[in-house]
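Trainee: One structure is given below, represented as structure tokens, and several questions about it will come after.
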Amino acid sequence: MASVNARVSAAGLIAGSAATLAVGFAPELVPLSFVALGLWVFGAWGFADEMGVRKPLNRAGLVALVFAAVARILVLLDVGNSVVSGSLLYAFALLLALLFWSMAFLHRDGRLKIAGAVGASATIIPILALIAGHVFVGVGAYWGIGSLYGGLSSPMTDTPRIITIIEVVLVVWSLIAGTALWTGKIENSPAQ
Numbered sequence: 750m751a752s753v754n755a756r757v758s759a760a761g762l763i764a765g766s767a768a769t770l771a772v773g774f775a776p777e778l779v780p781l782s783f784v785a786l787g788l789w790v791f792g793a794w795g796f797a798d799e800m801g802v803r804k805p806l807n808r809a810g811l812v813a814l815v816f817a818a819v820a821r822i823l824v825l826l827d828v829g830n831s832v833v834s835g836s837l838l839y840a841f842a843l844l845l846a847l848l849f850w851s852m853a854f855l856h857r858d859g860r861l862k863i864a865g866a867v868g869a870s871a872t873i874i875p876i877l878a879l880i881a882g883h884v885f886v887g888v889g890a891y892w893g894i895g896s897l898y899g900g901l902s903s904p905m906t907d908t909p910r911i912i913t914i915i916e917v918v919l920v921v922w923s924l925i926a927g928t929a930l931w932t933g934k935i936e937n938s939p940a941q
């Protein structure tokens, strides 16, 4: 049976990620964006706690989550010239957090191991594309990273497609992790 922490965390993960995707970056919805982000961070913190925050992959996921949350806050507040760099950091850090937590699933049994393999596969390709876009600007533009820069050069009134895709990955991952939490498949076990 799942603990109260696991069930509350599951609800936070699922509701927060879905709300984050739904409200996007629309200026008139910034307060709701903060609520959605806070709810997702709350759920992710509880998830990491249930997975075992003393374990390096879970801690690394939390650190990446902090970077993603700070970057999203900077973009939402439109601090200075933070739209492009903040959006890139948000995308990269969010994917990195999901990668670390998916890798942590690989250390579990059964369906969680399969979910970890799928999650790691779904996050590693966009991470590599973002890195390639930074290292090889021409190659990045060819693969579509240039569209992220171009779409973010003006004030953000709509969510760029690449961020939407990454947030869809977040919602799917949160549904899997939240379901595993809710059903008691994830419990803090020092042996793992």
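Per our numbering, residue 750 is the first one in the sequence shown, and the count goes up by one each step.
Ideal placement from N, C-alpha and C gives every residue a C-beta, glycine not left out.
Keep in mind the model is a prediction, meaning the values are calculated, not measured.
Suppose the cutoff is 8 Å on Cβ atoms and the five residues either side in sequence are ignored; what does the same chain contact list for N807 look like?
Mentor: Around N807: A797, M800, G801, F849, W850 and A853.
Trainee: Tell me which same chain residues have a C-beta within less than 7 Å of the C-beta of L924, skipping the five on either side of it?
Mentor: Excluding residues within five positions, the ones whose Cβ falls inside 7 Å are I763.
Trainee: Any idea what DSSP makes of E936, helix, strand or coil?
Mentor: DSSP places E936 in coil when its eight states are reduced to three.
Trainee: Would you identify the three-state DSSP class for G859, choosing helix, strand or coil?
Mentor: In the structure shown, G859 sits in coil (DSSP, three-state: anything other than H, G, I, E or B).
Trainee: For P904, which residues from the same chain have a beta carbon less than 6 Å from its beta carbon, with the 5 sequence-adjacent residues on both sides left out?
Mentor: Caution is warranted here: a pLDDT of 49 is assigned to P904, below 50, making its placement in the model unreliable, and the coordinate value is therefore given only provisionally. Answer for P904: no residue qualifies.
Trainee: Please confirm whether L814 and T913 have their CB atoms less than 9 Å apart.
Mentor: Cβ distance not < 9 Å, so L814 and T913 don't count as in contact.
Trainee: Which residue comes first and which comes last in the alpha helix (DSSP H) that contains M800?
Mentor: Run containing M800: V779 to M800, per the alpha helix (DSSP H) assignment.
Trainee: Would you mind working out which of G761, A751, G773 and V757 sits nearest R910, comparing C-alpha positions?
Mentor: Of G761, A751, G773 and V757, the residue nearest in Cα terms is G773.
Trainee: Using a beta-carbon distance below 9 Å, is A797 in contact with chain D?
Mentor: Absent from the structure is chain D; it holds one protein chain and no more.
Trainee: What are the boundary residues of the alpha helix (DSSP H) that includes G761?
Mentor: Element bounds for G761: V753 to V772.
Trainee: Quick check on A852: does DSSP put it in helix, strand or coil?
Mentor: In the sequence as presented, Ala is not what sits at residue 852; that position holds Met. Here M852 sits in helix by DSSP.
Trainee: On the three-state DSSP scale, how would you describe P875?
Mentor: Residue state, collapsed to three classes: helix.
Trainee: So what does DSSP say about R910, is it helix, strand or coil?
Mentor: R910: helix per DSSP, three-state reduction.
Trainee: Would you kindly work out how many angstroms separate the C-alpha atoms of L919 and L845, rounded to a whole number?
Mentor: So the alpha carbons of these two residues sit roughly 11 Å apart.
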